[in-house]
Amino acid sequence: MSKNLSMRDALRSALHEEMLRDDRVFIMGEEVGRWNGTHKVTRGFFDEFGPERVRDTPISEMAIGGVAVGAAMAGLRPVAEMMTINFALLAFDAIINHAAKIHYMFNGQFTVPLVIRAATGWGNQATATHSHTPEPIWAHFPGLIVGCPSNAYDAKGMLKAAIRDDNPVLFTEVIALYPKPSQIPDDEYIIPIGKSDVKRQGDDVTLVAYGRGVEWALEAANILAKEDIQAEVIDVRWLRPLDMSAVLESFKKTNRCVIVEESLPMYSFGSEIAAQLQEAAFDYMDAPIKRVTAMDVPLPFAREIELMALPNASKVVKAVKEVL
Amino acid sequence: MATKTESLTKETLLDWYRELVLVRKFEDQCHHQYFEEKDPARKITGVYLHLASGSEATHVGAVKALGKDDHVITAYRDHGIAIARGTDPKRVMAEMFGKRTGTSGGKGGSMHLADRSVNFWGGYAIVGGHIPLGVGIALKEKYTKTKNAVLCFIGDGALNNGYFHEAANMAQIWRLPIVFLVENNFVGMGTRIEESSGQTQPTKRAIGYGMKEGPSIDGQNILEVYNTVKAELDWARENGPVLMEAKTYRFEGHGVSDKLYDSRDDLKAELSVWEKRDPINVLRAHLESSFKNLDKDLAKIDAETTQAVQEALDFAIASPAPDYNDLISHVYVGM
Ligand SMILES: Cc1ncc(C[n+]2csc(CCOP(=O)(O)OP(=O)(O)O)c2C)c(N)n1
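Going down the list, the protein sequences come from chains W and C.
If you're matching positions, the first sequence starts at 487 in the numbering used here and goes up one per residue.
If you're matching positions, the second sequence starts at -3 in the numbering used here and goes up one per residue.
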């Protein structure tokens, strides 16, 4: 049996199940309780679990990050919500210098079983300070796990894996995907950390993406299919640890690759995938590897130029045609 | 109030009254263009619009207390502050629409208004982010030995952000000329001050920094706001930072996504109490008790402000959108 749930509700049910399963799991963050969550992922939790387990915090990202790290070290399993990834930048140090390094630096004495959830994504005229998709910069750092689901089904299974893992996880949720539904099985399932997924099969070109990029890649694949071009779409799901196996396998078949991401082009997800591909599969490469990214500018408010700056399916189609 | 109050002329008070009404109508128009307007070419779009209806006396009164060479910086609830500081409402409205003629060329949006020409250093949308910037501007003034001061608005919620702590302490050790004006509307987005702050009397936090604990005032009364802020700015010029508070309210909720007033009876009740202390009515009552025969003046203000908002709207709608060159310009200086 299954239900049609939006990504918002799929995430909510993952959190709900984990809260019921393990009473060390608790939620903290801005507006998560009485306000029911900025993105309503924690709707109803305050009433159900109470203020000890659903903790409204002040607007104190540095402390949300740092306190969650301490609580995790001491044996709780915090799920800390950063209202959006933009504000997680204020907690960069707590997450990078502390969460990601403590296990290593103290030679394994402490673990940091922490999940930081953060809404991510560009668009809707949220403007420069509120329009980041910076997963790749977080994924730069060893010690941290970074995941970003592309649909409701994956979101549920990935979040459950993140909560059960003993490592710190930055789990980002694309705002534009919150309302989009998938069929969610009633039975429990887990999507393991570091496992990518082939979202569509094809022999002509490999599209590699995560998060919202998967949506654009699939849309582009449908357009291309009408011209008899079959794209294979791979959703890496986790930026770190990065599972290249499906990407490599696909590339050996298609010999062409376009990387699609919502984030910025410099030192990016696309740069990393392209670098790994040329190192591991140089002999299979028939065309330059292309990247479709946001433009290299802070995101402006005005709709006309905001849309110009963002990736979309037709930009993916164009890039594919350049490598065929 | 212990502070020396300036005797204010009828003209000045009418001028403030005009400004309060202008800001209110400006924001009401924005609300209309966001929620009611159907024509896409006339609609304000996007996910953010933080109105300050109810807080006009705090915004306008404090800004009016600034000298020409003083400075002001704030968070995202910035429309009235820009207008009070003298930015043309047309350019403010154009920014609300993301037009090229806007204060930020259409690139900043409503949360990121700024007008360098009147020392309005901007609205900033990362909570707390602007506080150290304000301190930096004050540092420049002290460094260059002027007597100019900075007015830094701070939300009550923002006091809990790490930026405030570090910036406040630094302002104090260097005795920088800045007035931190806490715009206390008792709530962040939805979290109340009692739930977010161990110390619910904002000015008391000054003690922890060795800073002057400034007054706590009625933010609905523009005379009180003006007189106290003016006195504190003068104190800050000579002595260093002050932390003061204006108690006020926001009638429209946190932002356009805030529906709490629709669902919570307690908040509805609180709102109706504050609506009785509408800053426009407070000043109007003062005017009417101090001067006779104001009807003509008030009617004139009513007509002029309606017209000014209409002109701003027409200007914004008729203005061009930014283009590709705007998209790629100003990423770096000189590139
Ligand atoms: C660093 C950061 N965290 C969270 C937010 C989201 N946010 C925007 S406004 C706001 C509430 C701010 O409250 P307050 O400072 O009291 O100002 P008010 O809106 O009441 O004027 C929050 C949590 C943000 N913009 N920046």
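Ideal Cβ placement from N, Cα and C applies to all residues, glycine included.
Reduced DSSP category for residue i - H, G, I as helix; E, B as strand; rest coil
{"i": "residue 148 (chain C)", "result": "strand"}
{"i": "residue 659 (chain W)", "result": "strand"}
{"i": "residue 686 (chain W)", "result": "strand"}
{"i": "residue 649 (chain W)", "result": "helix"}
{"i": "residue 817 (chain W)", "result": "With chain W covering 487 to 810 only, the question about residue 817 (chain W) has no answer from this structure."}
{"i": "residue 135 (chain C)", "result": "helix"}
{"i": "residue 452 (chain W)", "result": "Since the first and last residues shown for chain W are 487 and 810, residue 452 (chain W) lies out of range."}
{"i": "residue 88 (chain C)", "result": "helix"}
{"i": "residue 611 (chain W)", "result": "coil"}
{"i": "residue 273 (chain C)", "result": "coil"}
{"i": "residue 541 (chain W)", "result": "strand"}
{"i": "residue 713 (chain W)", "result": "coil"}
{"i": "residue 669 (chain W)", "result": "strand"}
{"i": "residue 634 (chain W)", "result": "coil"}
{"i": "residue 119 (chain C)", "result": "strand"}
{"i": "residue 207 (chain C)", "result": "coil"}
{"i": "residue 489 (chain W)", "result": "strand"}
{"i": "residue 202 (chain C)", "result": "helix"}
{"i": "residue 586 (chain W)", "result": "coil"}
{"i": "residue 736 (chain W)", "result": "helix"}
Alpha carbon of residue i to alpha carbon of residue j, nearest angstrom
{"i": "residue 33 (chain C)", "j": "residue 248 (chain C)", "result": "18 Å"}
{"i": "residue 748 (chain W)", "j": "residue 527 (chain W)", "result": "22 Å"}
{"i": "residue 180 (chain C)", "j": "residue 245 (chain C)", "result": "7 Å"}
{"i": "residue 579 (chain W)", "j": "residue 306 (chain C)", "result": "48 Å"}
{"i": "residue 241 (chain C)", "j": "residue 177 (chain C)", "result": "6 Å"}
{"i": "residue 733 (chain W)", "j": "residue 687 (chain W)", "result": "12 Å"}
{"i": "residue 170 (chain C)", "j": "residue 236 (chain C)", "result": "8 Å"}
{"i": "residue 8 (chain C)", "j": "residue 752 (chain W)", "result": "54 Å"}
{"i": "residue 523 (chain W)", "j": "residue 52 (chain C)", "result": "29 Å"}
{"i": "residue 658 (chain W)", "j": "residue 604 (chain W)", "result": "5 Å"}
{"i": "residue 104 (chain C)", "j": "residue 616 (chain W)", "result": "11 Å"}
{"i": "residue 314 (chain C)", "j": "residue 113 (chain C)", "result": "24 Å"}
{"i": "residue 626 (chain W)", "j": "residue 776 (chain W)", "result": "21 Å"}
{"i": "residue 503 (chain W)", "j": "residue 491 (chain W)", "result": "15 Å"}
{"i": "residue 227 (chain C)", "j": "residue 157 (chain C)", "result": "27 Å"}
{"i": "residue 287 (chain C)", "j": "residue 6 (chain C)", "result": "8 Å"}
{"i": "residue 143 (chain C)", "j": "residue 234 (chain C)", "result": "7 Å"}
{"i": "residue 302 (chain C)", "j": "residue 256 (chain C)", "result": "30 Å"}
{"i": "residue 739 (chain W)", "j": "residue 250 (chain C)", "result": "53 Å"}
{"i": "residue 715 (chain W)", "j": "residue 736 (chain W)", "result": "15 Å"}
C-beta neighbour in chain C for residue i, strict 8 Å
{"i": "residue 812 (chain W)", "result": "With chain W represented from 487 up to 810, any question about residue 812 (chain W) goes unanswered, as that position is not in the structure."}
{"i": "residue 790 (chain W)", "result": "yes"}
{"i": "residue 608 (chain W)", "result": "no"}
{"i": "residue 583 (chain W)", "result": "no"}
{"i": "residue 521 (chain W)", "result": "yes"}
{"i": "residue 576 (chain W)", "result": "yes"}
{"i": "residue 795 (chain W)", "result": "yes"}
{"i": "residue 660 (chain W)", "result": "no"}
Chain-ordered neighbours of residue i on chain C, where CB pairs are closer than 9 Å
{"i": "residue 517 (chain W)", "result": "184, 185, 186, 187"}
{"i": "residue 572 (chain W)", "result": "121, 122"}
Within chain W, partners of residue i - CB distance below 7 Å
{"i": "residue 107 (chain C)", "result": "613"}
{"i": "residue 317 (chain C)", "result": "788, 790"}
Under 8 Å by beta carbon: chain W residues contacting residue i
{"i": "residue 156 (chain C)", "result": "544, 545, 546"}
{"i": "residue 225 (chain C)", "result": "Ordered by position in chain W, no residue passes the 8 Å Cβ test against residue 225 (chain C), which lies about 24 Å from the chain."}
{"i": "residue 153 (chain C)", "result": "544, 545"}
Contact with chain W by residue i, beta-carbon distance below 8 Å
{"i": "residue 43 (chain C)", "result": "yes"}
{"i": "residue 191 (chain C)", "result": "yes"}
{"i": "residue 327 (chain C)", "result": "yes"}
{"i": "residue 322 (chain C)", "result": "yes"}
{"i": "residue 103 (chain C)", "result": "yes"}
{"i": "residue 94 (chain C)", "result": "yes"}
{"i": "residue 16 (chain C)", "result": "no"}
Beta-carbon neighbours of residue i, restricted to chain C and to distances below 7 Å
{"i": "residue 616 (chain W)", "result": "121"}
Cross-chain neighbours of residue i in chain C, by beta carbon under 8 Å
{"i": "residue 783 (chain W)", "result": "323, 324, 327"}
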